[in-house]
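Below is one structure, written out as structure tokens; the observations come after it.
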DNA sequence: GCACTATAGTGCGCAATGCGCATAAATGGG
DNA sequence: CCCATTTATGCGCATTGCGCACTATAGTGC
């Protein structure tokens, strides 16, 4: 296979092409893809039809896809791959009790997020609930990292060069208060690192303030951000700082203890 | 490679071993795995260390994993694979408005689930919220299919032989009302198919009733179940049937219209 | 109903790719 | 500092996957 074509990465010799192509096939089922024919998959993934077919057959055999009347679709089993990540990172149901306790204590819903630049991805959530129902874990809500408290906390945990690289591309503005300029963001991130938490006020949506704190594992590595957001009518930024952040820091410490 | 060892499936000739092994490597990062060494991954996935290493390098190169000081971990990018499934199935943010409208109308939280036997997996959720904040989509809460209204609805959409095969293994009991016996469940599922909805009362947890209706795509295929659950003190099973199910059926039709 | 097009499925020869041993380097514990 | 363990690399072999070309099948227009 051509590994030297212009624009193509030079792959290290320990690169398993078939695996990468298989992942491309999964990726071919993008948003709004629905059930795809073999040729559609092949062209979306940029593969020969025969190759795409073999990979699809593999997925079907493993239960990750199903085919019916010449159309293929992924199955919910694909979600287990995501759970491999979540479970491996320790961001699974063990976090839930602490999360719910915090939600009830604050009377706000709280969430746990990780960074997948340029987004933060929600991996768990708890509501200030009157009902003791197991919510278990919730995933996949994405929000722009640069305009959320969680994003700021997670960026603060990044090596400076990585953070700066991320900020090279222009970032969208959501409100007049959104910080989009690279240097200003770097300063904000540094301030957040010093403070140990982040409070943002109306940078994503007018009238909403959010607060976040880092959650670290036993080795001190930041693995997630714990966040809550609040309507300004209820709690403004100052109130978040005073009332909410201390409780969140305590919960974050609790969670750290659960993370091996 | 031995494809004939006892207990091993006979893989069709169109089976891409390296791809399957790569997926095994992702799966090796199970619950509580944390950061794994090469050898740990190899032994968990049942692979030669050299093979595991090549596959890990591939994952790292693609951004699905990272290695630091000889330990590997998956990255949040793995969650994009799950989103390929969700997006492809149409179970993405387009469903959210209808879901939220229903939640507000009912004053209960509602969820959208798919079947990954023996579980149902939550793929979206909305709360009866006072705040207009974008919850987007939530994934990954698993509940036992045989003890939930969603599960019953989704089983009703299965071919009878598949359903029966699923019920071959014994099912756990959660309350005295849990239906665990195969024939009884088949009957309940059939009844649910006739009725077009399911209402369960205390089969998963004492004092909680839940209702679910199927959501079909344009071709009539059931792709998800729309469900709500309620504390018995607030609404009992009869109330769910009378007040809630009609609104849910309407929302399900709305959602069907969004599904190509 | 028939020709025509497009897409799916199969066969097969080639060789590149991935395998897996065995060796070298590196780490870490005692 | 040495030994045990794990990681990293090398390399020859043949298996595995590739991708062309061919056939089968389904869907369309007339």
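Residue numbers (our numbering), protein chains in the order written: chain B, 158 to 417; chain D, 158 to 417. Note that beta-carbon positions come from the ideal geometry of N, C-alpha and C, so glycine has one too.
Beta-carbon spacing of residue i, residue j below 7 Å
i, j, result
"residue 420 (chain D)", "residue 252 (chain D)", "Only positions 158 to 417 of chain D appear in this structure, which leaves residue 420 (chain D) out of reach."
"residue 368 (chain D)", "residue 336 (chain D)", "no"
"residue 284 (chain B)", "residue 260 (chain B)", "yes"
"residue 203 (chain B)", "residue 244 (chain D)", "no"
"residue 389 (chain D)", "residue 355 (chain D)", "no"
"residue 379 (chain D)", "residue 236 (chain B)", "no"
"residue 215 (chain D)", "residue 176 (chain B)", "yes"
"residue 343 (chain D)", "residue 372 (chain D)", "no"
"residue 239 (chain D)", "residue 239 (chain B)", "yes"
"residue 193 (chain D)", "residue 242 (chain B)", "no"
Buried versus exposed call for residue i [16 or more other C-beta atoms within 10 Å across all chains shown]
i, result
"residue 403 (chain D)", "exposed"
"residue 295 (chain D)", "Bear in mind that a pLDDT of 48 at residue 295 (chain D), under 50, signals an unreliable position, so the model cannot answer this."
"residue 325 (chain D)", "exposed"
"residue 161 (chain B)", "Any reading at residue 161 (chain B) must be qualified, since the residue scores a pLDDT of 37, below 50, and its modelled position is unreliable; the value itself is stated next. Result: exposed."
"residue 333 (chain B)", "exposed"
"residue 308 (chain B)", "buried"
"residue 340 (chain B)", "exposed"
"residue 233 (chain D)", "buried"
"residue 329 (chain D)", "exposed"
"residue 348 (chain B)", "exposed"
"residue 351 (chain D)", "exposed"
"residue 249 (chain D)", "buried"
"residue 319 (chain B)", "exposed"
"residue 392 (chain D)", "buried"
"residue 207 (chain D)", "exposed"
"residue 289 (chain B)", "Because residue 289 (chain B) sits at a pLDDT of 38, beneath the cut-off of 50, its placement in the model cannot be relied upon, and the point is left open."
"residue 257 (chain B)", "buried"
"residue 128 (chain B)", "It is not possible to answer for residue 128 (chain B), since the shown part of chain B is limited to 158 through 417."
"residue 416 (chain D)", "buried"
"residue 363 (chain B)", "exposed"
"residue 191 (chain D)", "buried"
Sequence-distant residues of its chain with Cβ nearer than 6 Å to residue i (five each side left out)
i, result
"residue 210 (chain D)", "195"
"residue 323 (chain B)", "274"
"residue 304 (chain B)", "331, 335, 360 and 361"
"residue 321 (chain D)", "none"
"residue 409 (chain D)", "370, 372 and 383"
"residue 313 (chain D)", "346, 349 and 350"
"residue 405 (chain B)", "370 and 383"
"residue 268 (chain D)", "279, 282 and 384"
"residue 398 (chain D)", "356"
"residue 317 (chain D)", "none"
"residue 299 (chain D)", "276 and 278"
7 Å CB neighbourhood of residue i in its chain, flanking five on each side removed
i, result
"residue 198 (chain B)", "182, 185, 209, 213 and 229"
"residue 262 (chain D)", "404"
"residue 201 (chain D)", "185"
"residue 394 (chain B)", "356, 358 and 366"
8 Å contact criterion, which residue i and residue j should meet: CB distance rounded
i, j, result
"residue 275 (chain B)", "residue 254 (chain B)", "Not quite, the Cβ-Cβ distance comes to about 31 Å (not below 8 Å), so this is no contact."
"residue 311 (chain B)", "residue 382 (chain B)", "5 Å"
"residue 270 (chain B)", "residue 384 (chain B)", "6 Å"
"residue 357 (chain D)", "residue 306 (chain D)", "5 Å"
"residue 172 (chain B)", "residue 338 (chain D)", "Not a contact, Cβ separation roughly 52 Å."
"residue 189 (chain B)", "residue 247 (chain D)", "7 Å"
8 Å CB neighbourhood of residue i in its chain, flanking five on each side removed
i, result
"residue 179 (chain B)", "212, 215 and 216"
"residue 205 (chain B)", "199"
"residue 220 (chain B)", "232 and 234"
Q. Going along the chain, which residues of the stretch 193-219 of chain B sit with their C-beta nearer than 7 Å to a C-beta in chain D?
A. 210, 211, 212, 214, 215, 218 and 219
Q.
Short of 7 Å Cβ to Cβ, which residues in the stretch 385-413 of chain D face chain B?
A. 386 and 388
Q. Taking a cut of 9 Å between CB atoms, which residues from the stretch 226-243 of chain B lie near chain D?
A. 230, 231, 232, 233, 234, 235, 236, 237, 238, 239, 240, 241, 242 and 243
Q.
Residues of the stretch 352-369 of chain D in Cβ contact with chain B at a cutoff of 8 Å, in chain order, please.
A. 362 and 365
Q: Output, in sequence order along the chain, the residues in the stretch 249-267 of chain D whose CB is closer than 8 Å to any CB in chain B.
A: 249 and 266
Q) Residues in the stretch 171-191 of chain D with C-beta within 7 Å of chain B's C-beta atoms, listed in sequence order? A) 171, 172, 173, 175, 176, 177, 179, 180, 183, 184, 186, 187, 188, 189, 190 and 191
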